[in-house]
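Q: Quick one: the structure is below, questions incoming.
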Amino acid sequence: MEQWLVQSLVLGLKMFLIVNGLLIAAAYLVYFERKISAWIQNRIGPNRVGPLGLFQSFADVFKLYLKEDIIPTLANKGFHAIAPVISIGIAIAVYAVIPFGEYFYLGGEKVYLSIAPHINVGLLFILGMSSVGVYGLTLAGWSSNNKYSLLGGLRSSAQMISYELSMGLSLIGVLMISGSLDLMQIVQSQTGGQWNIFFQPLGFIIFLVSAFAETNRTPFDLPEAEPELVGGYHTEYSGMKFGLFFLAEYVNMVTACAMMVLLFFGGWDVPFLYETLGLEQGSVLRALVQFGVVVGKMIPFLFLFIQTRWSLPRFRYDQLMSLGWKVMLPLALANIAVTGIIMMIFQ
Amino acid sequence: MIDSYIPLIIMVSVGFLFGLSNIVLAQFLGPRKNKTKVKLEPYECGIEPTTSARERFSIKFYMTAMLFILFDIEIVFMYPWAIQFKELGMVGFIAMNLFMILLFAGFIYVIKKGALQWR
């Protein structure tokens, strides 16, 4: 077969797998969110649809498809419809540069475990895209022409841009150590247990807190603070448009966990694992194990996201802003300075 | 070099097409009747909406956005420096420290002026 045909077939298959994998991951995150919250609150949780309620999320998705789509008369119809598309589009597009492993050879063809493997600005692309994601929430809040939505949209945009600063600054330490923006190379620079978490513990904590704020999760879920703002920016959304916002939130959560694993916890690196199992560079089995390691490392962080939501109360808005600007930002700057000094001494 | 960005562009369009197709699909699957005037009003907890939602809001949001742009540009300057950190050596380190000290002085001025005071 011709080269370009094989390559585009592989590319299409990878995209299909990624998008469907994300949807299933989001569905099961919702399921586990409900189950874990139930266990924390001494309830049973969803247990009717399928064994142990395992098909609950799929039933919910079908229900959302079959719901009436209400657009308020006062809303700007175009922006109202485009806002959830921006949110989910950005959330999925980020996965073009996230690698889940190195590569394997399939009939002489080198297949990478990421969609766009030769891009050397991967991390910059992720940060840029997550900045664009703010537009989805802001447009949703503004176009609904509802006071609650407007307040929710404004709050979320101010919160997300504030924490984006400390998020961007917390990654500079990692970049100084690895010397690349390519996620594949950042992971390769951590090979053999030299994970960035050991050199950048403060950077990781700043990144973790910023990631909670960026994904609008408790204790930073002020954009949709239920007792005061009804639903925040998605008050006026119903049916699948609401579902897309919901999906985008969970996909962003998976992205944040993937970034934590790749940037701070060595990605697919486990010391001596591949040598002990005798897996050769470029074999299909090695790629599969790498994928499994990345996903396995992501699970504790996903659990942390869910568990935090059900154990911590929400911040007040002025507390949230002063934490972002007066604590996280100086700490992130100090982290860069200290990293620089230590690297200068030990060079 | 440039053709390595083609998968990226395709993935971005896949993401947006996924969102669009879901909204279009939901239009056909969901019911489209029972649209009364009251149902299509903005939701305000059952009270009839009196004024438009497009009102004036707190200046603090503008201040936050403007400060964000300032500091975001700082971060954009820092990324290339961080990647070349090992090659630049001591000169680059001192230069960036001067830049950071200047910016931190501005940051302290902003805080002392109360630009980030939310109450």
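If you read the sequences in order, they're chains A and B. Numbered according to the numbering used here, the first sequence spans residues 1 to 347. Numbered according to the numbering used here, the second sequence spans residues 1001 to 1119. Even glycine gets a Cβ: it sits at the ideal position worked out from N, Cα and C. Note that the structure is a prediction, hence the values are computed from the model and not measured.
Secondary structure at F104 (chain A), three-state DSSP: helix, strand or coil?
A: When secondary structure is reduced to three states using DSSP, F104 (chain A) falls in the strand class.
Q: Three Cβ pairs or more, each shorter than 8 Å: is that satisfied between the segment 1005-1015 of chain B and the segment 84-98 of chain A?
A: yes
Q: Kindly indicate the opening and closing residues of the alpha helix (DSSP H) around K1086 (chain B).
A: F1085 to K1112
Q: With a CB to CB cut of under 6 Å and the five nearest residues on each side skipped, what residues in its chain are close to W1081 (chain B)?
A: M1096
Q: In chain order, which alpha helix (DSSP H) runs of at least 4 residues are fully inside the segment 169-233 of chain A?
A: You should have 172-178, 183-188, 196-199, 201-214 and 226-229.
Q: How big is the Cα-Cα spacing for R1054 (chain B) and I1009 (chain B)?
A: So the alpha carbons of these two residues sit roughly 36 Å apart.
Q: With a threshold of 6 Å on Cβ separation, who are the neighbours of P84 (chain A) within its own chain once the five nearest residues in sequence on each side are excluded?
A: K241, L244 and F245
Q: Would you say the segment 104-118 of chain A touches the segment 1033-1052 of chain B, given that touching needs at least three Cβ pairs under 8 Å?
A: no
Q: How long is the line joining the alpha carbons of L154 (chain A) and V30 (chain A), rounded to whole angstroms?
A: 26 Å
Q: Going along the segment 57-69 of chain A in order, which residues come within less than 7 Å of chain B, judged by CB to CB distance?
A: Y65, L66, K67, E68 and D69
Q: Using only the alpha-carbon positions, how far apart do I1002 (chain B) and G239 (chain A) sit?
A: Spanning the two alpha carbons is a distance of roughly 40 Å.
Q: Identify which residue in B:G1019, B:I1006 and B:W1118 has its Cα closest to the Cα of A81 (chain A).
A: B:G1019
Q: Rounding to the nearest angstrom, what Cα-Cα distance links L22 (chain A) and V295 (chain A) in this structure?
A: 12 Å
Q: At a Cβ threshold of 8 Å, is L1098 (chain B) touching chain A?
A: no
Q: For the pair the segment 162-176 of chain A and the segment 200-216 of chain A, tell me if three or more CB-CB distances fall below 8 Å.
A: yes
Q: Where does V270 (chain A) fall in DSSP's three states?
A: coil
Q: Report the residue from A:I18, A:E275, A:M167 and A:I71 whose alpha carbon sits nearest the alpha carbon of Q203 (chain A).
A: Reading off the sequence, residue 203 (chain A) comes out as Gly, not Gln. Taking only the C-alpha atoms, the option nearest G203 (chain A) is A:M167.
Q: Which same chain residues end up closer than 7 Å to E249 (chain A) when comparing Cβ atoms and leaving out the 5 residues on each side of it in sequence?
A: T215 and N216
Q: Starting from Y112 (chain A), follow the beta strand (DSSP E) in both directions and report where the run begins and ends.
A: E109 to Y112
Q: Using three-state DSSP, classify T276 (chain A) as helix, strand or coil.
A: Helix at T276 (chain A).
Q: Whose Cβ in chain A lies nearer than 9 Å to the Cβ of M1066 (chain B)?
A: Contacts between M1066 (chain B) and chain A, judged by CB atoms closer than 9 Å, are missing: the closest CB pair is about 10 Å apart.
Q: Quick one: residues in its chain with C-beta nearer than 7 Å to the C-beta of W325 (chain A), no 5 flanking neighbours on either side, listed in chain order?
A: S162
Q: State the Cα-Cα distance for the pair L137 (chain A) and K77 (chain A), rounded to the nearest angstrom.
A: 15 Å
Q: If you check the beta carbons only, do I186 (chain A) and S180 (chain A) fall under 8 Å apart?
A: yes
Q: Out of A:A59, A:E68 and A:G53, which one is the CA nearest neighbour of Q1027 (chain B)?
A: A:E68
Q: Which residue wins for smallest C-alpha separation from F125 (chain A), given the options A:A59, A:T255 and A:L66?
A: A:T255
Q: If you draw a straight line from the C-alpha of F984 (chain B) to the C-alpha of L151 (chain A), how long is it?
A: Absent from the structure is residue 984 (chain B), since the part of chain B shown begins at 1001 and ends at 1119.
Q: Would you mind stating whether P271 (chain A) and G193 (chain A) have Cβ atoms separated by less than 8 Å?
A: yes
Q: Give the DSSP-derived three-state secondary structure of H118 (chain A) in the structure shown.
A: coil
Q: Looking at chain A, is there any beta carbon in it that lies within less than 8 Å of the beta carbon of T1029 (chain B)?
A: For clarity, residue 1029 (chain B) is Leu in the given sequence; the question names Thr instead. Taking Cβ atoms only, chain A reaches closer than 8 Å to L1029 (chain B), which makes this a yes.
Q: Using a 10 Å radius around the Cβ and a threshold of 16 neighbouring Cβ atoms, would you call N42 (chain A) buried or exposed?
A: exposed
Q: What distance in whole Å lies between the Cβ atoms of L169 (chain A) and L277 (chain A), which are believed to be in contact at a cut-off of 8 Å?
A: Wrong, their Cβ atoms sit about 38 Å apart, outside the cutoff.
Q: When the Cα atoms are used, what is the spatial distance from I44 (chain A) to A38 (chain A)?
A: Cα to Cα, I44 (chain A) sits roughly 6 Å from A38 (chain A).
Q: Give the interface partners of I1083 (chain B) over in chain A, defined as CB-CB distance under 9 Å, in chain order.
A: L175, M176, S178, G179, S180 and L181
Q: Counting beta carbon pairs with one atom in the segment 94-101 of chain A and one in the segment 43-62 of chain A, are three or more of them shorter than 8 Å?
A: no
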